[in-house]
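*Asks:* In UniProt numbering, the protein residues as written are 1 to 155. Glycine included, C-beta positions come from ideal geometry on N, C-alpha and C. Small disclaimer: the values here were computed from a predicted structure and weren't measured.
#1: Under a Cβ-count criterion, where at least 16 other Cβ atoms within 10 Å of its own Cβ denotes burial, should residue 132 be classed as buried or exposed?
#2: Measuring only the C-alpha atoms, how far is residue 16 from residue 41?
#3: Would you call the CB atoms of residue 31 and residue 12 closer than 8 Å?
#4: Would you kindly report the start and end of the unbroken beta strand (DSSP E) that includes residue 32?
#5: How big is the Cα-Cα spacing for residue 135 and residue 87?
#6: Can you name the start and end residues of the alpha helix (DSSP H) that residue 100 belongs to?
#7: Using only alpha-carbon positions, find the residue among 85, 7 and 50 that is nearest to residue 127.
Structure follows, in structure tokens:
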């Protein structure tokens, strides 16, 4: 079987983000892929769980580790609709995820805000594990559009 594209897996993350949107959560979705198969899916559940750490990335990492019986995910790719925050970057660092692919940038809460400005982050250039590959901008318009629509409706 031919490998699926990054766009295919980002579409799956967008489906998860849609679930968050419908549940009145900030619409961010994530999937974790190993060997061209999704091993974990998640979306933000901060409001449902009353837990500020219940971000899509962290829930997906937990699900993948439980599924695999492992604490490290070096062969995994995480697809997430929005640029990870610093908290999620820490979880991604410690889980040693091999690739992080995200859709839209997050100028307000994304990790790059802190790395590029040096604010509250005494830096290496990246908060990710040194062996992690970062890919940005996959389906960025679709990913950004969902978030923008969510907050437009909130106003």
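*Replies:* Taking the coordinates as given:
#1: Buried, by the Cβ-count rule.
#2: Using only the alpha carbons, I get a separation of about 7 Å.
#3: The Cβ atoms of residue 31 and residue 12 sit closer than 8 Å to each other.
#4: 29-34 is the extent of the beta strand (DSSP E) around residue 32.
#5: One alpha carbon belongs to residue 135, the other to residue 87, and they sit about 19 Å apart.
#6: Looking at the DSSP string, residue 100 is not in any alpha helix (DSSP H); the run it does join, the beta strand (DSSP E), is 99-104.
#7: Out of 85, 7 and 50, the CA that lies nearest to the CA of residue 127 is found in 85.
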